[in-house]
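Enquirer: Start counting the sequence shown at 9; every next residue gets the next number (the numbering used here).
Take this structure first; my questions come after.
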Amino acid sequence: MKRSSPHRSEAAKEPVNSPLIKTLRQSIESLLGLELREVQLQAAGQLLARSLVEMQTGEGKTLTIALAASLLGSRGRRVMIATANAYLAERDADWMRGIFSSVGLSVSFVDPNAGEDDRRIAYRSNIVYGTISQFAFDFLRQRAARRQTPGFPALIGNLNTLIIDEADSILIDEARTPLLIHACEDRPDLPTAACIRWAAEAAKTYTLAEDFVRTAPHGAVALTARGRAKLLRTAMSETMNSLTMTDIQHALERAILVNQTIHRDHHYLVHDGRVAIVDEYTGRLSTNRSFGDGIQQAIEAREQIELTPISHPIARITVQEFVTQFAHVCGTTATASDDQDELRRVYGFRVAKVPTHLPCKRVLLDPVVCKSQADKHRQIVQEVQQLLQQRRAVLIGTRTIDQSEAISQAFGDAGIEHVVLNAREHRQEAEIVAAAGMPGRVTVATNMAGRGTDIALDRSVREAGGLHVIVAEMNMAARIDSQLIGRGGRQGDPGTARIYISAEDDLFKQAGLFKQASLAAGRAKGTRLLKLACQAQKRIQRDQQRQRYRLTAQQSNLAASLRSLGLDPYLDQPTAW
């Protein structure tokens, strides 16, 4: 879906010696104690065009974004800056406030917990920090309110300029994520609640291929003839007598789907007696979000907790659709080159690579190939023990919460002191990350994308070789591994990194290469398994890209059809969202 706005992005760059740049440079030095680097000026200039700027981790993207926002804001544009999470948005707004004030620009942070009037005031600033989901939700709320009450006062206002931090994560990974505003209904009535809880138990006895099939590797569940016959023979509560067999079958298929695809301590946590979604890309809990289509209630039944009210969507937009509403869009990231064709095709972006301020000294060590997860944990423990003897600092990145806790258990058994950072242990995130560069420090963390806090190295750690990063399991996209590896060897610091692979990694299961991986692991050398891992990543990335293209085309066609009927594509879509 290419941008359809009639506005053109501004490609002209502010002269380096202009009075505005001089004022910004002076305020950055006096207020922040930082020197504005040439690479940051170069990157900010690229952001004035419709560009995605690739800057390596630690090169100062926060300051670069503030500089570009100041240049655009001084031209009369209202600039919205989307960060990875609300914590970073609030932090950056406060940190950069003096810089914006020095050139006469106001700045605000859109607090997701604030009331509508407070958010409306925040959106009136020249520079507005927030998350992409909060901006999109307020866009939908404004659209829905103006339908009901013409002349309703603007909430978010016109969408002029958007700068995206961690842009590849938002524009690629989260592009097709539907952002929904729901209208809550009552809690499930007694027959429905009884059916949901019955289905959660019955689903455990149904077998893939014999009792049900999947329409695709990640598709819906459908009972086979044998499964339907089994359903008819299964004992049910009398409370369910008022329900149709179709209703009961759908509840059962939904419960089976949950068992097949949604796993505790991976996709969600049970937190304070409620199901809380874990963001796949940041490893954080996603506040104010729930699974749709009855999935939330199916999970709650499986976890034997209170069923929440069933809701239905009244407004919907994807991240990709929302981004294309802006007249000017640009962003920064450390990893965009691999997806530059898709970024150009879908958004009209060009990727501009900016060199590092200092030469990179990071050394990527040979991968370690293991036969099993247990073997992998054993070898990781051995490597960490050797590094601790050198007083190095070590960061171990995992894909999921349960992986981080399994490695934590292995460290505990070996007597290795360490800290864990995941969605379960997130309250001191900034402090944990900031201290990860101290001598002898071992940090186990789920997905580090968008953490937003630099790992500052202690002098003795720098002299000993810097931070060592361990990728405990390859991600589905290579650039996410690169983001983790980029946590070490920043800004000219020394550092090392190593990837660990085992035949039991989820990567092979997702790519449909589990059997091949098991065979490759039995060979004397691990080169075949390593090649297979790279093949699996490419296969998954290719499949996901095709899926995004297909969904984009479908959504564009549906939106065009709705508009031709005089309907709103974000408020009037079919109820089967």
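We put the beta carbon where it would ideally sit given N, CA and C, even for glycine.
Could you give the residue range of the alpha helix (DSSP H) that holds V354?
Expert: Per DSSP, the unbroken alpha helix (DSSP H) holding V354 starts and ends at Q348 to Y355.
Enquirer: Please report the straight-line C-alpha distance between R155 and I135, rounded to a whole angstrom.
Expert: 27 Å
Enquirer: Assuming F220 is part of the beta strand (DSSP E), what are its boundary residues?
Expert: F220 to R222
Enquirer: Can you give the Cα-Cα distance for E37 and D576, rounded to whole angstroms?
Expert: 49 Å
Enquirer: Let me know the secondary structure DSSP gives P321 once reduced to three states.
Expert: Here P321 sits in strand by DSSP.
Enquirer: Within the stretch 182-255, note down every full beta strand (DSSP E) run reaching 3 residues or more, in order along the chain.
Expert: 186-192, 220-222 and 229-231
Enquirer: Go through its chain and collect everything with a Cβ distance to T208's Cβ below 7 Å, but skip five positions before and after it.
Expert: First, the residue type needs correcting, since residue 208 is Ala and not Thr in the sequence shown. Once the five neighbours on either side are set aside, the close Cβ partners of A208 are A263, A306, A309 and R310.
Enquirer: Where are the alpha helix (DSSP H) runs, 4 residues long or more, that stay fully inside the stretch 414-479, in chain order?
Expert: The alpha helix (DSSP H) runs of length 4 or more contained entirely in the stretch 414-479 are, from start to end of the chain, 437-442 and 467-472.
Enquirer: Over the uninterrupted alpha helix (DSSP H) stretch that includes P8, give me the two end residues.
Expert: Given that the chain is displayed from residue 9 to residue 585, the structure contains no residue 8 and the question cannot be resolved.
Enquirer: How is the beta strand (DSSP E) around V283 delimited, first residue to last?
Expert: R282 to I285
Enquirer: Measure the alpha-carbon distance for L540 versus L521 and round it to whole angstroms.
Expert: 8 Å
Enquirer: Tell me the rounded alpha-carbon separation between P363 and R352.
Expert: 21 Å
Enquirer: Touching or not, the stretch 471-483 and the stretch 505-516, by the rule of three or more beta carbon pairs under 8 Å?
Expert: yes
Enquirer: Could you check the C-alpha separation between G423 and G53 for me, to the nearest Å?
Expert: 51 Å
Enquirer: Across which residues does DSSP place M88 in a beta bridge pair?
Expert: V136 and L170
Enquirer: When DSSP builds the beta bridges, which residues end up paired with H385?
Expert: H385 pairs with nothing; no bridge assigned.
Enquirer: Helix, strand or coil, according to DSSP, for S572 in the structure here?
Expert: helix
Enquirer: On the DSSP letters alone, give me the boundaries of the alpha helix (DSSP H) that T72 sits inside.
Expert: K69 to G81
Enquirer: Taking all protein chains shown into account, do 16 or more other C-beta atoms lie within 10 angstroms of the C-beta of H5, making it buried, or fewer, making it exposed?
Expert: This structure does not reach residue 5, given that the chain is present from 9 up to 585, and the question cannot be answered.
Enquirer: At the level of alpha carbons, what is the spacing between A233 and I313?
Expert: 32 Å
Enquirer: Is it true that the CB of I172 sits closer than 9 Å to the CB of L179?
Expert: yes
Enquirer: Where does I129 land, buried or exposed, given buried means 16+ other C-beta within 10 angstroms?
Expert: exposed
Enquirer: Is Q397 buried or exposed, if buried means 16 or more other CB atoms sit within 10 Å of its CB?
Expert: exposed
Enquirer: Can you list, in chain order, the residues of its chain whose CB lies under 7 Å from that of G66, leaving out five sequence neighbours each side?
Expert: Excluding positions up to five away in sequence, the list reads D462, R498 and Q499.
Enquirer: Would you identify the three-state DSSP class for Y578, choosing helix, strand or coil?
Expert: coil
Enquirer: With distances taken Cα to Cα, identify the nearest neighbour of A243 among Y276, T213, R222 and G339.
Expert: Closest by alpha carbon: T213.
Enquirer: Measure the alpha-carbon distance for M482 versus N249 and round it to whole angstroms.
Expert: 49 Å
Enquirer: Give the range of the beta strand (DSSP E) segment to which I404 is assigned.
Expert: A401 to T406
Enquirer: Determine, using beta carbons only, whether L579 and L148 come nearer to each other than 9 Å.
Expert: yes
Enquirer: N430: buried (16+ other C-beta within 10 angstroms of its C-beta) or exposed?
Expert: buried
Enquirer: How would you call M484, buried or exposed, if buried means at least 16 neighbouring beta carbons within 10 angstroms?
Expert: buried
Enquirer: Between the Cα of V392 and the Cα atoms of P317, K379, V337 and G448, which residue gives the shortest distance?
Expert: Measuring from the Cα of V392, the nearest candidate turns out to be G448.
Enquirer: DSSP on C368, reduced to helix/strand/coil?
Expert: coil
Enquirer: Cα-Cα, which of F108, P158 and A152 is closest to R322?
Expert: Sequence check: residue 322 is Ile here, not Arg. Checking every option, the nearest Cα to that of I322 belongs to A152.
Enquirer: What do you get for R336, buried or exposed, if any count of 16 or more other CB atoms within 10 angstroms of its CB means buried?
Expert: Looking at the sequence itself, residue 336 is His, so the reference to Arg does not match. H336 comes out buried.
Enquirer: Take L28 and list the residues in its own chain whose beta-carbon comes closer than 8 Å to its own, dropping the five residues that flank it on each side.
Expert: Residues E22, S78, L79, S82 and V111 of the same chain have their beta carbon placed closer than 8 Å to that of L28, with the five preceding and five following residues left out of the count.
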